[in-house]
Amino acid sequence: MQEFETRAIHAGQPPDPTTGSVMTPIYQTSTFIQDGVGQPRGYEYSRSGNPTRTALEDCLASLEGGEYGLAFSSGMAAIDAIVHLLAPGDHLLAVSDLYGGTFRLFESVYAQLGLDFSYASAVDPKSFVEQMKPNTKLVWLESPTNPLLQLCDIEEISRLAKARNSEVLVAVDSTFATPYLQRPLEIGADIVQHSTTKYLSGHSDVIGGAIVTDHPKVAERLTFYQNAIGAVPGPFDCFMVLRGIKTLAVRMDRHCENAQRVAAHLEKRSGVERVNYPGLSSHPQYELGRRQMRSAGGMVSFSVEGGAAAAKQLAEATKVFSLAESLGGVESLIEVPAVMTHASTAGSSLEVDPALIRLSVGLEAVEDLLADLEQAFP
Ligand SMILES: Cc1ncc(COP(=O)(O)O)c(C=O)c1O
């Protein structure tokens, strides 16, 4: 098999057979002519399938080392399709630190429809898996977690979960890691999901989601939901994600380098209470990170002395870091999760420390990023 960087540029994207176009064409069409009644040439209707989307799906599957790739109109749409694998009365056990939108989907949409959710820390795989119930059908992991940058031991949790119930599916939201840094399917997970909005597209100019799995039956059901529900990405958006993926490896290397420098700097700084970054030897799961991930990623979070007011003041004072939600683009972003990305967890057991700041460390010169943070501290 070719190396990751080569597959990122070529997998699923041979030159167009009719014109020789090196870049995958944007098949901006909703429908496809049929040679006779019930005789399509391969595609019928772009909700069910589109050649630009196929290129993206094949590329994503290749990068995750999986058999089946599916693209969605957003990360949330991808998560929604996975939750559809459950039926009323089924239980989903999720890691207790997770993206606020995922929590909102679980609690404010699907709990109302009779699905049962519970949350537990996954730092200790054994006690996490002990929270499984007889009706647990899906274990939901996020690694690294958003916003605390905790790691789930994907291999150990998958092994223990399947030992308790061989039928249970383990899904991993691997958005923070990308397939360049971590490949959950290769270490025991059944389903990997991404918000391609983030590092995969990498330029903050598209919303998208993806799922990769090796299970033919799971893939068949997810493909059914993808078409039946219809939360599919348009051909142009698929092209944008494909274009981003071509530079994923080089971008991630620099995101990781810059984030490591920023985290190390913050760790030494007065006014900072705690830095969460799996690449710091002070991170409680530093060793797991070294085993499970190629490098620690581009996301850093830290809590500041002075509580919510201090966090707000700092987040509003940076000039190179833009105050905005989202992550994974070439530009650096800063946000306060408790009132921004994770506002939906307010009042719940998943509520986030109001003094926590989250950084998406971009590709600017790291000296400028450090100087920007310095001038923002009071
Ligand atoms: C870890 C994680 N998963 C899923 C999502 C949802 O993705 P999208 O915004 O593309 O729907 C996000 C968005 O921030 C995220 O951070």
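Each residue of the sequence shown is one higher than the last, beginning at 1079 in this note's numbering. We put the CB at the ideal spot given by N, CA and C, even for glycine. None of these values were measured; they are calculated from a predicted model.
With respect to the alpha helix (DSSP H) encompassing Phe1317, which residues constitute its N-terminal and C-terminal limits?
-> Along the sequence shown, one-based indexing puts residue 1317 at 239. Element bounds for Phe1317: 1313 to 1324.
Within 10 angstroms of the Cβ of Met1079, are there 16 or more other Cβ atoms? Answer buried if so, exposed if not.
-> Translated into the one-based positions of the sequence shown, residue 1079 becomes position 1. With fewer than 16 other Cβ atoms within 10 Å, it is exposed.
State buried or exposed for Leu1349, treating a residue as buried only when at least 16 other CB atoms are found within 10 Å of its CB.
-> Start at 1 with the first residue of the sequence shown, and residue 1349 comes out as number 271. First, the amino acid is wrong: residue 1349 is Gly here, not Leu. Answer is exposed; the Cβ neighbour count stays below 16.
Thr1130 and Thr1102 look like a contact to me (Cβ under 8 Å); what is the Cβ gap, rounded to whole Å?
-> Numbered from its first residue, the sequence shown carries residue 1130 at position 52. Numbered from its first residue, the sequence shown carries residue 1102 at position 24. Your pair Thr1130 and Thr1102 checks out as a contact, with CB atoms roughly 6 Å apart and the cut at 8 Å.
In or out: Tyr1105 buried (at least 16 other Cβ within 10 Å) or exposed?
-> Residue 1105 sits at position 27 when you count from the first residue of the sequence shown. With 16 or more other Cβ atoms within 10 Å, it is buried.
Assign Asp1268 to one of three DSSP states: helix, strand, or coil.
-> Residue 1268 sits at position 190 when you count from the first residue of the sequence shown. Of the three classes helix, strand and coil, the one that applies to Asp1268 here is coil, per DSSP.
Determine, using beta-carbon pairs with one atom in the segment 1269 to 1279 and one in the segment 1242 to 1261, whether at least three such pairs fall under 8 Å.
-> Yes, the segment 1269 to 1279 is in contact with the segment 1242 to 1261.
Cβ of Gly1090 within 7 Å of any heavy atom in ligand 1?
-> Within the sequence shown, residue 1090 is the residue found at index 12, counting from 1. For ligand 1, not one heavy atom lies less than 7 Å from the Cβ of Gly1090.
Can you give me the start and stop residues for the beta strand (DSSP E) that Tyr1146 sits inside?
-> Stepping through the sequence shown from its first residue, residue 1146 is reached at position 68. Per DSSP, the unbroken beta strand (DSSP E) holding Tyr1146 starts and ends at 1146 to 1150.
Assuming Glu1233 contacts Gly1266 (C-beta within less than 8 Å), just tell me the rounded distance between them.
-> Taking the sequence shown and counting its residues from 1, one reaches residue 1233 at position 155. Taking the sequence shown and counting its residues from 1, one reaches residue 1266 at position 188. Confirmed, about 5 Å.
Should Pro1093 go down as buried or exposed, given a rule of 16 or more other Cβ atoms within 10 Å for buried?
-> Residue mapping note: residue 1093 aligns to position 15 of the sequence shown, counting from 1. It is exposed - the Cβ of Pro1093 has fewer than 16 other Cβ atoms within 10 Å.
Give every residue of the same chain whose Cβ lies closer than 8 Å to the Cβ of Leu1448, excluding the five residues on either side of it in the sequence, and list them in chain order.
-> Numbered from its first residue, the sequence shown carries residue 1448 at position 370. These residues qualify, in order along the chain: Arg1339, Val1340, His1343.
Within its chain, find whatever has a CB closer than 8 Å to the CB of Phe1082; leave out the 5 residues flanking it on each side and keep chain order.
-> Position 4 of the sequence shown holds residue 1082. Closer than 8 Å at Cβ, skipping near neighbours: Leu1141, Pro1257, Tyr1258, Ala1327.
Residue burial classification, Lys1397 (beta-carbon count within 10 angstroms, cutoff 16) = Residue 1397 sits at position 319 when you count from the first residue of the sequence shown. Burial check for Lys1397: the Cβ neighbour count within 10 Å stays below 16, so the residue is exposed.
DSSP three-state call for His1361: helix, strand or coil?
-> Residue 1361 sits at position 283 when you count from the first residue of the sequence shown. Three-state result, His1361: coil.
Lys1215 - containing alpha helix (DSSP H), residue span = Against the sequence shown, residue 1215 aligns to sequence position 137. Counted as a single uninterrupted DSSP element, the stretch harbouring Lys1215 is not any alpha helix (DSSP H) but the beta strand (DSSP E) occupying residues 1214 to 1220.
Taking the CB atoms as reference points, tell me whether Gln1304 and Leu1134 lie closer together than 8 Å.
-> Numbered from its first residue, the sequence shown carries residue 1304 at position 226. Numbered from its first residue, the sequence shown carries residue 1134 at position 56. Contact: no.
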